[in-house]
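Undergrad: When you read off a place in the sequence shown, starting at 1, and then add 1, the result is the number in our numbering.
Quick reminder that beta carbons are idealized off the backbone N, C-alpha and C, glycines included.
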Amino acid sequence: MEKKLHLGKAFKEMRNRVGVTSTDLKGIMSRESLVKFEGDKNTLGLEKLNAALEFMGFTLTDLYYFAGIYHVVPVYGRTFQKLRRQRGYHRNFFINLGVSSTRLECFEEGKIMFPYHILDAMLLSIKIPEGDYSFALINKEDYFIKTVDKLDMAVRKRDFGYIHSVEEFAHQYAINEEEQIVDVDESEKNPADYSENDLDYYINQHLTREYADFRVLEITAQASYRGLTDSEMTELGDFLMGIDLWLEYSLGILALNSWQLPYLIVYDILHEIVIDKFYINKLIYRRRILQTAGRAAMSLAVQGDFIHARKLLEMVKPFNFTIDTHTQGMYRFAQAFVAFKEGILEGQREMIEVIKAFEIFGEIPSRDFAQHYYDTHVSL
Numbered sequence: 002m003e004k005k006l007h008l009g010k011a012f013k014e015m016r017n018r019v020g021v022t023s024t025d026l027k028g029i030m031s032r033e034s035l036v037k038f039e040g041d042k043n044t045l046g047l048e049k050l051n052a053a054l055e056f057m058g059f060t061l062t063d064l065y066y067f068a069g070i071y072h073v074v075p076v077y078g079r080t081f082q083k084l085r086r087q088r089g090y091h092r093n094f095f096i097n098l099g100v101s102s103t104r105l106e107c108f109e110e111g112k113i114m115f116p117y118h119i120l121d122a123m124l125l126s127i128k129i130p131e132g133d134y135s136f137a138l139i140n141k142e143d144y145f146i147k148t149v150d151k152l153d154m155a156v157r158k159r160d161f162g163y164i165h166s167v168e169e170f171a172h173q174y175a176i177n178e179e180e181q182i183v184d185v186d187e188s189e190k191n192p193a194d195y196s197e198n199d200l201d202y203y204i205n206q207h208l209t210r211e212y213a214d215f216r217v218l219e220i221t222a223q224a225s226y227r228g229l230t231d232s233e234m235t236e237l238g239d240f241l242m243g244i245d246l247w248l249e250y251s252l253g254i255l256a257l258n259s260w261q262l263p264y265l266i267v268y269d270i271l272h273e274i275v276i277d278k279f280y281i282n283k284l285i286y287r288r289r290i291l292q293t294a295g296r297a298a299m300s301l302a303v304q305g306d307f308i309h310a311r312k313l314l315e316m317v318k319p320f321n322f323t324i325d326t327h328t329q330g331m332y333r334f335a336q337a338f339v340a341f342k343e344g345i346l347e348g349q350r351e352m353i354e355v356i357k358a359f360e361i362f363g364e365i366p367s368r369d370f371a372q373h374y375y376d377t378h379v380s381l
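(1) Alpha carbon to alpha carbon, how far is V73 from T323?
(2) If you draw a straight line from the C-alpha of Q261 to the C-alpha of L152, how long is it?
(3) Need the endpoints of the alpha helix (DSSP H) that H72 sits in, please.
(4) Does any C-beta atom of chain E lie closer than 8 Å to the C-beta of L47?
(5) Would you say the segment 112 to 128 touches the segment 311 to 318, given that touching needs at least three Cβ pairs under 8 Å?
(6) Please report the straight-line C-alpha distance between E351 and G363, rounded to a whole angstrom.
(7) May I have the straight-line CA-CA distance separating G132 from Y226, to the nearest angstrom?
(8) Return helix, strand or coil for M30, following the three-state DSSP convention.
(9) Mind checking which residues open and close the alpha helix (DSSP H) that includes Q349?
(10) CB L252 to CB L241, shorter than 8 Å?
(11) Rounded to a whole number of angstroms, what is the C-alpha to C-alpha distance between L237 and P366?
(12) Please report the distance separating the alpha-carbon of N43 from that of K37.
(13) Decide if S259 is buried, meaning its Cβ has at least 16 other Cβ atoms within 10 Å, or exposed.
(14) Just to confirm my understanding: we take D325, look at its own chain, exclude 5 residues before and 5 after, and list those with CB closer than 6 Å. What are they?
(15) G295 and A335 look like a contact to me (Cβ under 8 Å); what is the Cβ gap, rounded to whole Å?
(16) Please report how far the alpha carbon of R157 lies from the alpha carbon of K278, in whole angstroms.
(17) Starting from the C-beta of N51, find all residues in its chain whose C-beta is less than 7 Å away, skip the five residues before and the five after it, and write them out in chain order.
(18) Helix or strand or just coil, what does DSSP make of Y226?
(19) Looking at C-alpha atoms only, which residue of A297, D369, F215 and Y286 is the closest neighbour of E169?
(20) Rounded to a whole number of angstroms, what is the C-alpha to C-alpha distance between L105 and R88?
(21) Locate the alpha helix (DSSP H) running through Y280, then write down its first and last residues.
(22) Does the beta-carbon distance from A298 to A222 come in below 8 Å?
(23) Count the other CB atoms within 10 Å of the CB of H327; is the residue buried (16 or more) or exposed (fewer)?
(24) F370 to I356, Cα distance in whole Å?
(25) Buried or exposed for Q292, please, with buried defined as at least 16 other CB atoms from any protein chain shown within 10 angstroms of its CB.
(26) Kindly give me the distance between the Cβ atoms of L98 and I127, rounded to whole angstroms, as I take these residues to be in contact under 8 Å.
(27) With DSSP as the reference, label R159 as helix, strand or coil.
(28) Buried or exposed for T80, please, with buried defined as at least 16 other CB atoms from any protein chain shown within 10 angstroms of its CB.
(29) Whole angstroms are fine: how far does the CA of L54 sit from the CA of I29?
(30) Find out if the Cβ-Cβ distance for the pair M57, V100 is shorter than 8 Å.
(31) Any idea if R32 is buried or exposed, counting beta-carbon neighbours within 10 angstroms, 16 or more meaning buried?
(32) Short of 8 Å in beta carbon distance, which residues of its chain neighbour V217, apart from the five on each side in sequence? Order them along the chain.
(33) If you draw a straight line from the alpha carbon of A122 to that of I129, how long is it in whole angstroms?
(34) Confirm, please, whether the CB-CB distance from L125 to A68 is below 8 Å.
(35) Can you name, in chain order, every residue of its own chain whose Cβ lies under 6 Å from the Cβ of Y280, other than the five neighbours on each side?
(36) So, helix, strand or coil for G58, using DSSP?
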């Protein structure tokens, strides 16, 4: 009797969500049958129930989730919603996959779950690698974002104590994760079966991703105070070139390492990013993109490669608006530095003006960073 009550109430909630009336369903069941079913005074045959659900854009499995007969793990929907919004996609984008905007809303609210093959197709359609989705499920992304932000500030302050602490911590975790990596036979996974145990499955399946992130974090810390070896550069390059979706953490890693990366890697990545209109509307992304080009351009100018240095700066110029004082100042500093290295004396005066501006606006770490770079490469 309890399941009848759950099914009837759940059906009514689903019907109200999509705005379907008893009149709309009259070709499947009478108004009297519908009222009795939703009031737990009668049952519906499976054929009629499936037909009504299909008309509303739902499945029988969805009904069981709504009714509490099947257990929902809400983190799957919340995580998908977060990544979908980051990429700027609306709920109605997935209609061609058989997922209505209302059904997706139910998934994101933790009312229903999707079979694996549907979720996988949805991720693929908005260019979200399964590894990124799985990583977000276990809340690792936030830790890396915060650490990269702190590392960025430590580089400006030349806080080598913090830099070394990140290096040591990441090194230990990279070792631990590498030791835990095991092969997982995905064929043993029932695509339609979701439960809380799936979190353990995803954690195990993507330990390689976690190892890579800790290892790259270690390399990034090392790159802030010394040149990278060929093998470290290869590891870093493989990691960056393997990224399908550039978000806050990966862009931070790119920005912090761009001064040592080969020009072609930086150019190829930036070229891929700047043609995607998604990035220009996000402040944190504009910041990282400008940092990447500015640092790489200054490094190229030191090597005498002015053509490529200017090409990078010009490529990201449209992103230089409504930005923070540090990033805008360092982009201006990079332009001036490249000009100076080309023999344009005005570039030196412009760098001095940027350093003064940092002082006026209270950007002391930025002032010190720019001053150190000036002292190292200009005041010889």
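TA: Result, derived from the coordinates:
(1) 42 Å
(2) 16 Å
(3) Note, H72: premise wrong, no alpha helix (DSSP H); not H, not E.
(4) Among the chains in the structure shown there is no chain E, since it carries only a single protein chain.
(5) no
(6) 18 Å
(7) 31 Å
(8) coil
(9) E347 to I361
(10) no
(11) 27 Å
(12) 5 Å
(13) buried
(14) none
(15) 4 Å
(16) 30 Å
(17) L61
(18) coil
(19) F215
(20) 16 Å
(21) It is not in any alpha helix (DSSP H) - Y280 carries neither H nor E in the DSSP assignment.
(22) no
(23) buried
(24) 9 Å
(25) buried
(26) Not really, about 11 Å apart at Cβ, beyond 8 Å.
(27) coil
(28) buried
(29) 10 Å
(30) no
(31) exposed
(32) E236, L237, F240 and I254
(33) 10 Å
(34) no
(35) I274 and Y286
(36) coil
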